[in-house]
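Residue numbers (our numbering), protein chains in the order written: chain A, 245 to 548; chain B, 935 to 1286; chain C, 3 to 523.
Glycine included, every Cβ here is placed at the ideal spot set by N, Cα and C.
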């Protein structure tokens, strides 16, 4: 089997999208100095409501909008409790993850009387869009064309994120707060508001990430995110919170995910073992990264 | 430079903390009531079963106590980790691994005398949990890899592997339900309140609470754990070799949780199945926080936690609410249990 | 001078108690500052000066009191509010951000934009260049913060508040880290700013500077204003008396102790850290004997804390060369546990993060070193610990209970907790760093008395301190460190502050022979 054939490229691009989206949002939180471990729950929440609203309105656009609005509400709850009530942000993040799972089950039961997967026949799904001219270029066409709308939006968001972080006053303040929150406050930056905004941005990108998961599947499956939010968190750190690093990280983990999916279909390795691959690969990557970082800083090579 | 730390004030401080916890609890129960009114067609019936359910008869009551057993272990494990300044988000995988190893040992060594069999299994569960925890501790000690992330990721990977073992090589083909092979019946702990499921694992859980309390509060090692957990620089300054204190607390934490998994097998289930953990590892975090990281507090905190869950379970059987209502209620507790506002309110009024 | 000019702002009856440690930092403070003056606020560490200014700048909130600006009552809730009133503060610890260049740092929080969306880097550089030229505060706008000297960093901070249009400049201990020449330049700048219509508040405890630069001076002591007067009517002694509340600042009775055998010997001890172009410690040689206090004086940032870390096994960076001999045994890079076993005790400068654990009970803090010997049958011996801790609380007059978390105690009591632990084992060698930083007079005197007691018990004592008065009052011999090197070594007889100060600032240095002679003396 050739791992780098054409379907591999197309699939990797699609599979990496939730990672990329969650990591973009996670980067905003991380740059402002917050470890946002709620990415997982926020994505799950969006995956659920994307199906609910798409079914309700019959429109993919409104479905995605509904996912964004509900996820922003959940993020606002999370951020309010940790900032206004001064609760430990890490525990609040966990709470958000639990709440998202519980909400999806309780509401599915309340709305549709079912537990487990939700699927509606005839509900619209995200479909690939081909870009004229580009699609005819070999390989590059497979990378750049033939994906659904949210995939394109995720690329756009990556560029926007890079511009916002590096070229706008908000980005400057965001970084300043992350470097030294106290000092930033002392010179008149409202650090808490910046961090609140950063969390909301996480909520927004995670909403898209969750929507792309369930809307390509055309169904909501419990635990559809299966740890992607956590892996995205790792991608943020391995990518050093830089847009390019995040892109590379998302490609790598998208590819690992693709391989583990692909091997399930084509090899004798039991699928259960392959499902564990992304997690162990992430631990290995984290460890390798830390080893390299430690050696470099010992030799004084690391720029601070 | 006033000195305000009188004995009376210390008591008031404690009372304020207690009231703060109660506020979080009351708020979460308030949310439960509100949810039931919104979601149930017959709210009064649902409410009755939710709150009174676990006390309706001995069977339900002792089953509630039984369901607290694994949560006592995971709560203890997390409390030790938090006290010692490390984070263990791998409770799910550690419970599952402890349970799976229990099954494997029971299947591989079916001929041991009953008591010895149980002991071997329990030691096995404890050991494997400790090893899993130590791995994250080792990565942290050696290369400063975040224990928060690795405990979670390793645990998630393990869950997949164990799912595979249950579905594949160790599946019991004679059963319709998907489950693993079973351990010999002679290894099972005695039931202590039939017809309920409550088993002698409760005694092990209580013993574990006492042992951990003594360990943390009254031993040399426990002192070192607390000192390094509160301030590593201070510990090193005092001449404590802090290097092992990423590995040791995570080993103890993982060991306790793994032991909890093994107890589930020898006490309750006899065989492994998918979703055996069902959030027990996460519940441990909530319990440890309600207990304010205090081992002795884990016991009442775990009982309270399972009361919320058991109520939902009884309500589900007897009315139209879903069990996951309990999950919403517990996430409210998670939100509020560390909120300074909750505690500051009482402290301001009580402590002068 | 400008006593008749109009009042810019008044603070009336300001009260502030910190919730965390119950320190009553401001007790009904009144302050009035005129337009166009340089107003000095003086007081010892912990007198409440910085707290008062933070309240003015919206960074702390008073529990009680009123602020009137140009006669109007105002509420200042945040730095943003202060900004609107054109108040700007330069903090003692600079608020500069690595990773941004000078221009970015200056304009941060008030950035120039292109198309009101994007940050205009070029405009920032231009503005900062122009501003620097206008006020004679030249710094390269494109330079990275890490490459600047302390003086340059301070200029960046001042440029920032000028850029933001502040008319009232609050400067907290601005000269603390500056060299003599930098201070002179700095004062020229301040005088120039006054002629341009600015008002300046300068917080300091250096009296010469107060007399040199200010128009009026407000003296604070333990949270209260003692007096406010026109500087030209004051004398240094008068201000000092008001600051301290007593005639004499430091009078420590030292009994005669004949120094004994050598205890600690440093031979060409150096510390090099990648990324620094000079060694942080450079071939330091010292000797300390039984019953002797060696004072190590220097300005912060010259290696005091590095030496403290290296000697006590707490150093975590760079490479150490040379030898540290403790009773003849080489202990370079030894772990603190070994040093403690050999009889070293250590009172660290950072008593909150290193010397204690805020979260742990007083009792757990006190037994840190002693707990090894308190094990009975595998368990910590509860009765033994109880007696031990009770005794310490009594002997060191600690106002707290055994179960009080140390973080709830006041600064003076926290230091007593540290001393009660470190002084309790009859140490052979005692490393003490900044023992009275931030303490009130009563606590300071208690600390001095205990140090002298240890000297009488024939401990060898290394006293590391940036507080010259303290070094002069306690030491038998004094070493001065500048840029990681020993530049002077003196017997403490007939020494005066001024000449030592010249060594500390690198203006003078002894010959290598003199230093080596002094080291062995």
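A straight line joining the alpha-carbon of residue 292 of chain A with that of residue 1125 of chain B spans about 42 Å.
With its beta carbon less than 9 Å from one in chain B, residue 377 of chain C belongs to the interface. B:999 is the residue among B:970, B:999 and B:1022 whose C-alpha sits nearest the C-alpha of residue 1136 of chain B.
In its chain, beyond the 5 residues on either side, 515 and 518 have a beta carbon closer than 7 Å to the beta carbon of residue 508 of chain A. From the beta-carbon of residue 1269 of chain B, the residues of chain A found nearer than 9 Å are 321, 322, 325, 326, 329, 331, 335, 336, 339, 340 and 343. Of all alpha-carbon atoms in B:1175, B:1069, B:1077 and B:1235, the one lying nearest the alpha-carbon of residue 540 of chain A is that of B:1077. Between residue 1159 of chain B and residue 1018 of chain B, the alpha-carbon positions lie close to 5 Å from each other. Beta-bridge partners assigned by DSSP to residue 211 of chain C: none are found. Annotation: the region 148-204 of chain C contains the following complete segments of the beta strand (DSSP E) (minimum length 3 residues), in chain order: 170-174. The Cβ-Cβ distance between residue 450 of chain A and residue 306 of chain A does not fall below 9 Å. Note: residue 407 of chain C is bridge-paired with C:363 in the DSSP secondary-structure output. In chain order, 261 place their CB closer than 6 Å to the CB of residue 395 of chain A, counting only its own chain and leaving out the 5 sequence neighbours on each side. Annotated three-state conformation of residue 311 of chain C is helix, per DSSP. The residues 289 and 327, in chain order, have a CB closer than 6 Å to that of residue 267 of chain C in the same chain once the five nearest residues on each side in sequence are set aside. Annotation: the continuous alpha helix (DSSP H) that includes residue 296 of chain A extends over 283-301. Counting only Cβ-Cβ distances below 7 Å, residue 1168 of chain B has contacts in chain C at 356, 358 and 359, in chain order. In its chain, beyond the 5 residues on either side, 254, 256, 295, 297, 450, 453, 454 and 465 have a beta carbon closer than 8 Å to the beta carbon of residue 476 of chain C. Taking the C-beta atoms as reference points, residue 331 of chain C is found no nearer than 9 Å to residue 316 of chain C. In the DSSP assignment, the residues bridged to residue 226 of chain C are C:223.
The secondary-structure analysis by DSSP pairs residue 297 of chain C across a beta bridge with C:465 and C:480.
Not a single C-beta of chain A is nearer than 9 Å to the C-beta of residue 385 of chain C.
For the region 1127-1140 of chain B, the beta-carbon criterion of a distance under 8 Å to any beta-carbon of chain C is satisfied by none of its residues. Taken through DSSP and simplified to helix, strand or coil, residue 977 of chain B comes out as helix. Annotation for residue 36 of chain C: the continuous beta strand (DSSP E) segment containing it runs 26-36. If the five residues before and after residue 103 of chain C are omitted, its C-beta is found closer than 8 Å to the C-beta atoms of 143, 144, 145, 146 and 147, all from its own chain and listed in chain order.
The region 467-478 of chain A makes contact with the region 1083-1099 of chain B, as at least three CB pairs between them are under 8 Å. When CB distances to chain A are screened at a threshold of 9 Å, the residues of the region 1080-1092 of chain B falling below it are 1080, 1082, 1083, 1084, 1086, 1087, 1088, 1089, 1090, 1091 and 1092, in chain order.
For residue 393 of chain C, no pairing in a beta bridge is given by DSSP. Ranked by Cα distance from residue 40 of chain C, the options C:213, C:314 and C:83 are led by C:213. A direct Cα-to-Cα measurement between residue 454 of chain A and residue 268 of chain A gives close to 13 Å.
Look at residue 1174 of chain B: its C-beta is under 9 Å from a C-beta on chain C.
Contact between residue 1197 of chain B and residue 1003 of chain B holds: their C-beta atoms lie close to 6 Å from each other, under 8 Å. Below the 7 Å Cβ cutoff, chain B contributes 1172 and 1173 as neighbours of residue 371 of chain C, in chain order. Residue state for residue 56 of chain C is assigned as helix, using DSSP reduced to three classes. By the C-beta density criterion, residue 1204 of chain B is buried, having at least 16 other C-beta atoms within 10 angstroms. Per the Cβ contact rule, the region 504-519 of chain C is in contact with the region 175-183 of chain C (3 or more Cβ pairs under 8 Å).
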